[in-house]
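Numbering (numbering that gives the first Met the number 0), first residue to last: 0 to 237. Please read the structure below before turning to the comments.
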Amino acid sequence: MKKLDAIKEASYYHTTIKDWPVDDRPREKLLLHGPAALSDAELLALIIGSGSGKVTAVDLAKRLIAEHKSLSELSTLSVDELARNRGLGKARSAEIVAAFEIGRRLARVKKVERVEVNSPEDVASFMQPHLAHLKREVFELLLLNSANVIQKQVRISEGNLNASIVHPREVFKAAIDGLAASIILVHNHPSGNPDPSNEDKMITRQLVETGKIVGIPVYDHVIIAGNTYTSFAERGLL
Numbered sequence: 000m001k002k003l004d005a006i007k008e009a010s011y012y013h014t015t016i017k018d019w020p021v022d023d024r025p026r027e028k029l030l031l032h033g034p035a036a037l038s039d040a041e042l043l044a045l046i047i048g049s050g051s052g053k054v055t056a057v058d059l060a061k062r063l064i065a066e067h068k069s070l071s072e073l074s075t076l077s078v079d080e081l082a083r084n085r086g087l088g089k090a091r092s093a094e095i096v097a098a099f100e101i102g103r104r105l106a107r108v109k110k111v112e113r114v115e116v117n118s119p120e121d122v123a124s125f126m127q128p129h130l131a132h133l134k135r136e137v138f139e140l141l142l143l144n145s146a147n148v149i150q151k152q153v154r155i156s157e158g159n160l161n162a163s164i165v166h167p168r169e170v171f172k173a174a175i176d177g178l179a180a181s182i183i184l185v186h187n188h189p190s191g192n193p194d195p196s197n198e199d200k201m202i203t204r205q206l207v208e209t210g211k212i213v214g215i216p217v218y219d220h221v222i223i224a225g226n227t228y229t230s231f232a233e234r235g236l237l
């Protein structure tokens, strides 16, 4: 009997977002106060659109963020991974993935010709929006002019870093074609561990030596691991 009363009480107190005060509804709140006034869950709820059964879109958004620890972690999921969550189908999951991708692209919108590199921190700040969320390793080059301004970003390879896919020939062909005065090597560690592996060190030494021969110096090798990074130059590994 108590269980039945509890179910009735829960049903009685259940409200949809439309029943909420206007200032508490995510869409109306955004229109009245701007997007900065919304919580992460409320912003995500607007993308989700509607709830499922007696679960509101806000409830669903809160559960997603709680289960995946943060929006940042949530943003790394694929459509199929999101669709496994109760209340989300592939259509809603695709909309969430698209919204996160728009955010990443906006974070990358910088006029490359105006980005000057004066420290490893500058490299990490520029490259983290490109690499921090990826689930597989990629190896990229930043081509610099004589004033240390980035002229171009070039992806050399994808997959686990090894000498067979990161060859000096490919690296310095891109550097020469791009008329680079110098280059910076960048790759990511999806594991979140920024420490360089023995393979990382070996490839870096090989590329540094090749750079000396062709006259295009390697200024640094920066490993991006989520929100952290490691600089070979800072560690004295070049």
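Beta carbons are placed, not taken as given, at the ideal position from N, Cα and C, and that holds for glycine. Note that the structure is a prediction, hence the values are computed from the model and not measured.
If you run the structure through DSSP and keep just helix, strand and coil, what is residue i?
i	result
L63	helix
S163	Bear in mind that a pLDDT of 44 at S163, under 50, signals an unreliable position, so the model cannot answer this.
R154	strand
I46	helix
Have a look at the DSSP bridge pairing and note the partners of residue i.
i	result
L184	L140, H220
T229	I222
I149	L143
Relative to the C-alpha of residue i, which candidate in the options has its C-alpha closest?
i	options	result
G177	V165, I202, T203, I149	I149
K200	A90, F125, S69, G235	G235
I183	N197, N147, S196	N147
R135	I223, L37, E208, A35	I223
P44	H129, R204, A60	The sequence shown places Ala at residue 44, rather than the Pro named in the question. Ranking H129, R204, A60 by Cα distance to A44 puts A60 first.
Y218	E198, V114, L206	L206
S118	N226, R204, L237, V221	V221
T209	R24, S69, I175, S49	I175
Taking contact to mean 3 or more Cβ pairs, one atom from each stretch, closer than 8 Å, check whether the stretch 80 to 90 and the stretch 133 to 150 are in contact.
no
Just checking, does the stretch 95 to 107 make contact with the stretch 201 to 214 on the three C-beta pairs under 8 Å criterion?
no
Please give the ranges of any alpha helix (DSSP H) in the stretch 70 to 145, keeping only runs that are unbroken, at least 4 residues long and fully inside the region.
70 to 73, 78 to 82, 89 to 107, 119 to 130
Is the number of C-beta pairs between the stretch 179 to 199 and the stretch 87 to 102 that are closer than 8 Å three or more?
By the Cβ criterion, the stretch 179 to 199 is not in contact with the stretch 87 to 102, since fewer than three pairs of Cβ atoms, one from each stretch, lie closer than 8 Å.
Below 8 Å, how does it come out for the stretch 150 to 157 and the stretch 167 to 184: are there three or more Cβ pairs, yes or no?
When C-beta atoms of the stretch 150 to 157 are compared with those of the stretch 167 to 184, three or more pairs fall below 8 Å, so the two segments count as touching.
Three-pair Cβ contact test at 8 Å for the stretch 111 to 127 versus the stretch 216 to 231
yes
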